[in-house]
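In our numbering, the protein residues as written are 19 to 110.
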């Protein structure tokens, strides 16, 4: 099973965000909470971090983030421009 950090990294790439920018978007004073997920092998985000991610990025499929099941993005919750992009992408 692919670790959560790898899936989170995929999402950050999709959003063209660094861990630091992602942390700021989550209203964290420091990027340490997020950076440790990538730095420490097997690190898992706390429930609070998952909640913050879900609130700030409604288009992210939290089930996918946690388990790898389903698609990364929920087309019903994406801004229209991203929804158009996701539909245009070939299935993998």
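Each residue gets a CB set at the ideal place from its N, CA and C atoms; glycine is no exception.
- Annotation: the continuous alpha helix (DSSP H) that includes residue 27 extends over 22-33.
- Taking a cut-off of 8 Å for Cβ pairs, the segment 60-75 and the segment 35-49 touch, as three or more such pairs fall below it.
- When DSSP reads this structure, residue 78 sits in a beta bridge with 91.
- No residue range can be given for residue 44, since it is assigned to no alpha helix (DSSP H) and is classified by DSSP as neither H nor E.
- Within the same chain, and ignoring the five residues on either side of residue 53 in sequence, the residues whose Cβ sits closer than 6 Å to its Cβ are 37.
- Distance between residue 25 and residue 86, taken at the CA atoms: about 8 Å.
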